[in-house]
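First comes the structure, then the notes that go with it.
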Amino acid sequence: MKQFLVFVRKEFYHVFRDRRTLLILFGLPIMQILLFGYALTTEVKNAKIIVVDQAKDAASEQLIAKINASSYFDIEPGEDMEAAFKKGNIRCAVVFPADFENEKRIQIIADASDPNTAKTLTNYLTSIIQPPSAQPYQIIPVTRMLYNPALNGSMNFVPGVIALVLMIICTTLTSVSIVREKENGTMEILLVSPFNPTYVVLAKAVPYLVLSLVDFILIILLSVFVLDVPIRGSLLLLFAESTLFIISCLSLGLLISSVTQSQQTAMLISMMGMMLPTILFTGFIFPLENMPLPLRIISYFIPSRWYYFIVKAVMLKGLGFWAVWKQTLVLAGMTVTLLTISIKRFKIRLA
Amino acid sequence: MRTLRFLLEKEFKQIFRDKGLLPVIFIMPVIQLLIMPLAANFDVKNINLAVIDHDHSSYSQQLLSKIGSSGYFHITGNAASFPEAMKQIESEEADIIIEIPANFEEQLIKEGAEPIYLAADAINGTKAGLGSSYLNTILADFNSEIRMKLLPQQANTGIDIRSSDWFNPYLNYRIYMVPGILVILVTMVCGFIAALNIVKEKEVGTIEQINVTPVKKWEFIMGKMIPFWIIGMIDFTIGLLIARLVYGIIPVGNLFLLYGFLSVYLVALLGFGLLISTYSDTQLQAMFVAFFFIIIFILMSGLFISVDNMPVWGKVIARLSPVTYFIDVMRMIILKGSGFSDIKIPLLIEIAFAVILNGWAIFNYRKTA
Amino acid sequence: MNEKAITCKGLTKRFGDFIAVDNISFEVNTGEIFGFLGANGAGKTTAMRMLCGLSFPSSGEATVAGYDVFTKQESIKKNIGYMSQKFSLYENLTVKENIRFYGGIYGLTNAELKEKGEGLINKLGLHSESKKLVGELPLGWKQKLAFSVAIIHQPKIVFLDEPTGGVDPVTRRQFWDLIYDAADSGITIFVTTHYMDEAEYCNRISIMVDGRIDALDTPANLKQQYKAETMDEVFYALARGAKRSAD
Chain F
431 MKQFLVFVRK EFYHVFRDRR TLLILFGLPI MQILLFGYAL TTEVKNAKII VVDQAKDAAS
491 EQLIAKINAS SYFDIEPGED MEAAFKKGNI RCAVVFPADF ENEKRIQIIA DASDPNTAKT
551 LTNYLTSIIQ PPSAQPYQII PVTRMLYNPA LNGSMNFVPG VIALVLMIIC TTLTSVSIVR
611 EKENGTMEIL LVSPFNPTYV VLAKAVPYLV LSLVDFILII LLSVFVLDVP IRGSLLLLFA
671 ESTLFIISCL SLGLLISSVT QSQQTAMLIS MMGMMLPTIL FTGFIFPLEN MPLPLRIISY
731 FIPSRWYYFI VKAVMLKGLG FWAVWKQTLV LAGMTVTLLT ISIKRFKIRL A
Chain L
59 MRTLRFLLEK EFKQIFRDKG LLPVIFIMPV IQLLIMPLAA NFDVKNINLA VIDHDHSSYS
119 QQLLSKIGSS GYFHITGNAA SFPEAMKQIE SEEADIIIEI PANFEEQLIK EGAEPIYLAA
179 DAINGTKAGL GSSYLNTILA DFNSEIRMKL LPQQANTGID IRSSDWFNPY LNYRIYMVPG
239 ILVILVTMVC GFIAALNIVK EKEVGTIEQI NVTPVKKWEF IMGKMIPFWI IGMIDFTIGL
299 LIARLVYGII PVGNLFLLYG FLSVYLVALL GFGLLISTYS DTQLQAMFVA FFFIIIFILM
359 SGLFISVDNM PVWGKVIARL SPVTYFIDVM RMIILKGSGF SDIKIPLLIE IAFAVILNGW
419 AIFNYRKTA
Chain R
729 MNEKAITCKG LTKRFGDFIA VDNISFEVNT GEIFGFLGAN GAGKTTAMRM LCGLSFPSSG
789 EATVAGYDVF TKQESIKKNI GYMSQKFSLY ENLTVKENIR FYGGIYGLTN AELKEKGEGL
849 INKLGLHSES KKLVGELPLG WKQKLAFSVA IIHQPKIVFL DEPTGGVDPV TRRQFWDLIY
909 DAADSGITIF VTTHYMDEAE YCNRISIMVD GRIDALDTPA NLKQQYKAET MDEVFYALAR
969 GAKRSAD
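Same order as they appear, the protein sequences are chains F, L and R.
Residue numbers for the first sequence follow this note's numbering, beginning at 431 and rising by one.
Residue numbers for the second sequence follow this note's numbering, beginning at 59 and rising by one.
Residue numbers for the third sequence follow this note's numbering, beginning at 729 and rising by one.
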């Protein structure tokens, strides 16, 4: 046991002595949380628009004042909308025809090169120009926003960022650190030591397990205290599920390290082969249901997809184990499979 | 000049001999350009809707079939009660619940007003927001249809709002994403590989051999940059062809202008790679640092999420990245057909990036320590 | 005009508090084989890097091929060859391509490239391997090739940093034959080594201890001075007093 601790300590020295590893370990999660929390919002504010008022009458001016008063829009001077669109200065244009008073017609032109913003802006403008008014036979939609009444954009990203960061740290750093020992030849030295080879590998994995949990706690603290994302469910359950996910990522890292010979390859495989699929197929940036079937099938094989579901359910919806047992089972199955394959591969390599 | 020729000759030989590098340069971008736009689709469609119809009247039937045929919604089935529908939300089978109260039709006619309850899973704010606003639009449409039937003589008092969507009339998300993704791919390939390539010479020790030769600083740097500049141009051209053949995106604007901007952008990008390499001793260090910055560049570039929505400090970060301007200009030229005068300012900024990044890197690259 | 290939006066290099090279002075005559000896960490490589223009001296003065190491580094580089401890040819280029590349950047004309390249391959007997990647060659051949490439432009001086590390005795012998050939053609040789038998091949040697040069003379004179039978004993006598531990 004492020997084991010596190995673990050596691993921590490696991590803390390299500034660039620390950058990835702590800089990346903090930066991602802050960027996703504050900078990357899909909420449209202060969109620049142009108003072409050919009527210039009381009614049109009243409407323009209303649009201007809204926090969604900033009216830019000038009336040459084509030029403004091409310069990328405006997102939208509103045209009042000369005979607005009688025609009661308004043209909204949106820069639909960004389709979602175009749709959102058109919706906003429509509701400003034509507020729902009391009319006979009125259907009144009453909308409730579940779990997130303030539409806090961070809610969607936090579970995704957790998954992404754990994936990077466990998979990339673990595989690179093992392959580094291989490359330097120090692995051989460790393996000829009177120490059980399985412990050598375990000693490499433990520090990253610990660091991942530290990172996880860091992200949770940042989310709760900085981004106002609540934890509604059991913290214990969340922790347990995260440990499971971390172990599955570690096994993946081990697997990569057992099939690669150079740090560079390990890094490329874990980044190109793991990071990109994680970003694409977890569903926290791009909705999975929009994808064609083959891609959706791929997504079922990505552990982070299941973990993402679990974190959302437990952390944000406050659901108990009963709601996530199926996903947990899938994740556990993947973990066991990955772990078995990587241990087998490792033994073969040793033999 | 003769020296430069030998440097280039050597560089190209090495690149084309590297069996690991070639697929990364030429095949990976193609595959990514074929897969990414399929996956990276923010289009809010296929919203799953759980229905609780307490009314079962002809109105409620008409409303539901109108919603079902809108193309945005997929009705997952009827739930008997709200808790039952909530189960579907919890398991993510449904995104939005629509609840039609009992005696909806009767009350609407008798009382002249009747609510319909919507509840959206708002963890994904965009989906909840756009989804419920689609529903509102459908409800308003349905409402005026009913009104027309009940009160055929009453003229429509509202303002007739027509909206048109320029540059992308079918609101096809891929048209928006493909040019941006192309920029990211060129950035990853050139930025990463250029940085790694130089650090590799450091690691292996060949750079020291070059440093004791009379090769001049600028010759060595040009010898490294020109091959990757050419590769960037080729990758970009392949990407444009894929955009055209696979996604049907034909640039509206001037191609010369686009390539002009690209050539400046590549110089800036390669300068960045060079800069990273001067600060790193091993390929691994260079990869970590490059990875960190490329993630920031991609997230903040406006590729997925518009820079306009960012707070001031976010905009500052976005403006400090050469990637942001190129994505902007790509979309302007390809989708809107913007001309030289429209992109003059971003072009000047990109030139400034190229000068500063390369100047800094050359200053930092020393033949003598 | 200057018959000294290298002159060096009070040359010093500091890294922070650490004085790697401490006030060394010596001269190397044109055409001689100059052995630069010292234990690991004594400062040999640092001194050599300053002379090659890879690193600026902290103080002192030195000229190489008549050019000042502070101001004329680029001129120095035109007149020297260098072979580092680390193997520094491109492993993923062939023998021919490496020769062509290094010859090319030293400004050889196409005719010279062809002629020298062929001559070099013949001399080393690398005919059947000329189209092989350098990475596939055995270490001894790589080192001989690296040396030949380092003098392909017929420099005035060539610097060799432990050129025979890890090479078998037979190959080392062949390597020294190449060095003698080069010296005969008028190239000054500046070589560091750990092999004392190699030190005997040099015209003159200097021995560095803790950044200083503690001895400088012909091998015969040194042996006499230290009353030693072999160079090994001379080296022990000097290096025993070193305070810096080997790295």
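Backbone N, C-alpha and C fix where the C-beta goes; we use that ideal spot for every residue, glycine too.
Source: prediction; values computed, not measured.
- Under a 10 Å Cβ-count criterion, N136 of chain L is classified as exposed, with fewer than 16 other Cβ atoms of the shown protein chains found around its own Cβ.
- Judged by DSSP in its simplified three-state form, C736 of chain R adopts strand.
- Boundaries for H132 of chain L: no alpha helix (DSSP H) harbours it, while the beta strand (DSSP E) harbouring it runs F131 to N136, taken from the DSSP string.
- The three-state reading of DSSP puts G249 of chain L in helix, counting H, G and I together.
- Within chain L, W224 and F225 have C-beta atoms less than 7 Å from the C-beta of D541 of chain F, given in sequence order.
- Where M936 of chain R is concerned, the enclosing beta strand (DSSP E) starts and stops at R932 to V937.
- Between G395 of chain L and chain F, the shortest Cβ-Cβ separation is below 9 Å.
- For C522 of chain F, the uninterrupted beta strand (DSSP E) segment begins and ends at C522 to F526.
- Pairing D889 of chain R with S812 of chain R gives a Cβ-Cβ distance under 9 Å.
- V474 of chain F places its beta carbon less than 9 Å from that of Y554 of chain F.
- Annotation: I133 of chain L to V689 of chain F spans about 46 Å, alpha carbon to alpha carbon.
- Within the same chain, L328 come within 6 Å of M283 of chain L by CB-CB distance, once the 5 residues on both sides are set aside.
- No Cβ of chain R is located within less than 9 Å of the beta carbon of L80 of chain L.
- Residues of chain F with a Cβ closer than 7 Å to the Cβ of L96 of chain L are, in chain order, M721, P722 and L725.
- Closest by C-alpha distance to L342 of chain L, out of F:M704, F:P717, F:I494 and F:L453, is F:L453.
- With distances taken between CA atoms, A733 of chain R lies nearest to R:C780 out of R:G766, R:N768 and R:C780.
- Cβ contact annotation for D750 of chain R (same chain, cutoff 8 Å, sequence separation greater than five): T740, G771, D938, G939 and R940, in chain order.
- Within the model, the alpha-carbon separation for V797 of chain R versus I265 of chain L is close to 20 Å.
- Setting aside the 5 residues that flank it on each side, S672 of chain F is surrounded in the same chain by F646, each with a C-beta closer than 6 Å to its C-beta; the list follows chain order.
- Around E533 of chain F, the same chain offers P527 as residues with beta carbons nearer than 6 Å, after the five sequence neighbours per side are excluded.
- Exposed is the label assigned to W371 of chain L, since fewer than 16 other Cβ atoms lie within 10 Å of its Cβ.
- Using a 10 angstroms sphere on the CB of S222 of chain L, the tally of other CB atoms stays under 16, which defines it as exposed.
- Scanning chain R for C-beta atoms nearer than 8 Å to the C-beta of P272 of chain L yields E802, K805, K806, I833, Y834 and G835, reported in chain order.
- Judged by beta-carbon spacing, A376 of chain L lies within the 9 Å limit of M358 of chain L, meaning their Cβ atoms are closer than that value.
- The beta-carbon of N614 of chain F is placed no less than 9 Å from the nearest beta-carbon of chain L.
- Per DSSP, T382 of chain L is one residue of the alpha helix (DSSP H) stretching across P380 to R389.
- Going by DSSP, E755 of chain R is part of the beta strand (DSSP E) stretching over F746 to N757.
- Nearest to V262 of chain L by alpha-carbon distance, out of R:D745, R:A911 and R:N820, is R:N820.
- With its beta carbon less than 9 Å from one in chain R, L65 of chain L belongs to the interface.
- With respect to chain F, the C-beta atom of A177 of chain L has a partner C-beta closer than 9 Å.
- Shown here for A696 of chain F: same chain residues with a beta carbon closer than 7 Å to its own, the five before and five after excluded, namely S605, V606, V609, I686, S687 and T690 in chain order.
- Under DSSP, T673 of chain F forms no beta bridge with any residue.
- Within the region 849-910 of chain R, the complete alpha helix (DSSP H) segments at least 4 residues long are 867-878, listed from N- to C-terminus.
- Closest option to V636 of chain F, judged by alpha-carbon separation, among F:I599, F:G750 and F:I661: F:I599.
- One finds L782 in chain R with Cβ atoms closer than 7 Å to the Cβ of N269 of chain L, taken in chain order.
- Three or more Cβ pairs closer than 8 Å define a contact, and the region 711-727 of chain F meets that threshold against the region 583-592 of chain F.
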